[in-house]
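First up is the structure itself, then whatever we jot down about it.
Chains as they are written, first to last, in this note's numbering: chain C, 11 to 332; chain Y, 1075 to 1405.
Structure follows, in structure tokens:
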């Protein structure tokens, strides 16, 4: 068996733009342009980027919640795109998804017991007794008490709701989970609690995880490898520690510089990035970052750099930082 | 009055099932001219209603039950904002005190052009301004907030612009009447980090250029550290700590502040566990008779239940509401 549990090769997801009376396709929003990476067993791999960079679409395309336009996703030795719907449904037992907003991802008409038993009943042929046992085991881990099982989502706080949605994703004992901004809807003092829970469960259940986030601090804490995305493409990927210590791509550097520092004496004013993320329906020619990049020259504006191995990591840049 | 704004014992209540519920109590704050006061807290702690109360923007059934907010108005002299007549308030709101809201996408009207909406703010306070003058003023403030292609932007509708641009326009509208106090309620929360960095830099620049005072409301301690000189930490309807930014970040006195700072800085250290504050953020409107942070506090003792600790000076100009620093009880 290969070292990698999940391999994503040249993933592309385009959304057609339709216009006019007969809904003719006039162009494409290239949400995910070219994404390749691999996740080892038990590894936490982070995808970081600003809103609209395609990180969530990439996550959903991997598990085929959105059908990718092209590219290959190999999970556990099987190419996912070749699977039939039924085969894919069975695979989902092993690969789960934690959504961003627990306020909208939990059905308000189901109580905790129903929410947690649904995935079990969908994927396994269990008696009611076995279902109960598994649920009790799970809620113990997430700090929900037995008498809370009959409550409905609105009776819980945001942090508790997100614990429930984590439990819902992990109750089928998957080997791989995608967490799409799992803490960004929560209050600051609650984020740390939920992250601790997620990390503990990840270690305990030996999960491989793709952690999608825009919060660079959280990514640094949680992941061993990271991919920095910009406008649908990976700009730089490799070891989290190395990239945070010394980003080689000008975009990674700008992104890291933009994070506010909690030390008021270091009110440094950084080389703040000019301009805004271009429209993915009408991306710039050449390197997607070239219009905002201080190091951009003629090749950058003409030719799109490919992701190449450079100084121990992958980087898509014609003029990397030293 | 030396300060631009002095809030004294502000109390805000609401009605729940026909019963009065207190949301905010014993809030006193001062803002000096040219100073940026940061207000930090989690959802439901009362930071936004404090700002809304100052401009009489509290939605029904919320109302101010007592307190004063003395404002040094350039046109009216020293006035109490909370007891001001609606007419007088109208001459202050948007001209002397302007507000920037959290979501630029929802605070601008989708059916009017940017120019129309910017001019509205001008026309309201300067009825006889010439059309050309108004246009020039719009162009001038848009230049200040670094909007590219100004003429084109003026003719656009909100949906044609990005979030970062809309927030710049919101700031431009707030600045158009050169206010002396700017209230910014989570102005960068809906924005990306690189855009947030641009907006924060812009606000720091404008503060120096215009010598305006700013009340900066946010849940992000990092943003506070970059913008504010003075910081007030809100928890569950009370101020639990107030100090200069430097003092607060280096020597936090309240267990809640300490926990917040620790949980953020532990993200920078590789380790197995993050520092976290146990328990949940209390829902608004549950003012108890004892320390509100008691259930989540790691230093809590039985004796903490004896009453609500008083906000006392624990170091020069450093105030904290905790029995670990003073035994005084709030009456």
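Glycine included, every Cβ here is placed at the ideal spot set by N, Cα and C.
Asked, Found
"Span of the beta strand (DSSP E), counted from its first residue to its last, around residue 1244(Y)", "Per DSSP, residue 1244(Y) belongs to no beta strand (DSSP E); it is in the alpha helix (DSSP H), 1237-1249."
"7 Å Cβ cutoff, residue 197(C) in contact with chain Y", "yes"
"Element boundaries [alpha helix (DSSP H), containing residue 1298(Y)]", "1295-1301"
"Neighbour-count burial assignment, residue 213(C), 16 or more Cβ in a 10 Å radius", "exposed"
"Members of the region 220-239 of chain C near chain Y, C-beta cut-off 8 Å", "224, 226, 227, 228, 230, 231"
"Residue nearest to residue 1329(Y) in terms of C-alpha spacing, selected from 1205(Y), 1368(Y), 1276(Y), 1127(Y)", "1368(Y)"
"Chain Y contact for residue 126(C) (CB, 7 Å cutoff)", "no"
"Cβ-Cβ separation, residue 1261(Y) to residue 1241(Y) (assumed contact under 8 Å), whole Å", "6 Å"
"Residue 196(C), enclosing alpha helix (DSSP H) - first and last residue", "Run containing residue 196(C): none; DSSP gives neither H nor E here."
"Check whether residue 1128(Y) and residue 1107(Y) have beta carbons under 7 Å apart", "no"
"Neighbour-count burial assignment, residue 170(C), 16 or more Cβ in a 10 Å radius", "buried"
"Anticipated Cβ contact below 8 Å, residue 42(C) with residue 22(C), distance rounded", "6 Å"
"Start and end residues, beta strand (DSSP E) containing residue 1394(Y)", "1392-1394"
"Cut-off 7 Å between Cβ atoms - residues of its own chain near residue 14(C), not counting five sequence neighbours on either side", "48, 49, 50"
"Residues in the region 1087-1107 of chain Y having any Cβ partner in chain C nearer than 8 Å", "none"
"Residue 1093(Y) - partner residues in DSSP beta bridges", "1090(Y)"
"Neighbouring residues, chain C, relative to residue 1323(Y) (Cβ below 8 Å)", "272, 273, 274"
"Nearest-angstrom Cβ-Cβ length linking residue 296(C) and residue 314(C), presumed shorter than 8 Å", "6 Å"
"Residue nearest to residue 90(C) in terms of C-alpha spacing, selected from 74(C), 306(C), 45(C)", "74(C)"
"Chain-order list of residues whose beta-carbon lies under 8 Å from that of residue 1231(Y) (same chain, five-residue window excluded)", "1184, 1185, 1186, 1187, 1188"
"Beta-bridge pairing of residue 50(C) - partner residues as DSSP gives them", "14(C)"
"Straight-line Cα distance separating residue 1354(Y) from residue 200(C)", "7 Å"
"As assigned by DSSP and simplified to three states, the class of residue 81(C)", "strand"
"Contact with chain C by residue 1116(Y), beta-carbon distance below 7 Å", "yes"
"Chain A contact residues for residue 108(C), given Cβ-Cβ distances below 8 Å", "The chain inventory of the structure shown lacks chain A, comprising the protein chains C and Y."
"Collapsed DSSP secondary structure at residue 289(C) in the structure displayed", "coil"
"Within chain Y, the residues that residue 169(C) reaches when beta carbons sit closer than 9 Å", "1354, 1355"
"Contacting positions in the region 177-208 of chain C - beta carbon closer than 7 Å to chain Y", "197, 198, 199, 200, 202, 203, 205, 206"
"Buried versus exposed call for residue 1076(Y) [16 or more other C-beta atoms within 10 Å across all chains shown]", "exposed"
"Which of helix, strand or coil DSSP assigns to residue 133(C)", "helix"
"C-alpha distance - residue 26(C) paired with residue 34(C), whole-angstrom precision", "9 Å"
"Three CB pairs or more closer than 8 Å across the region 1111-1125 of chain Y and the region 1302-1316 of chain Y", "yes"
"Neighbour flag for residue 1299(Y) against chain C, beta carbons, 7 Å", "yes"
"Residues in the region 53-67 of chain C having any Cβ partner in chain Y nearer than 7 Å", "60, 61"
"Three-pair Cβ contact test at 8 Å for the region 247-264 of chain C versus the region 315-327 of chain C", "yes"
"Residue 1330(Y) in three-state terms, based on DSSP", "helix"
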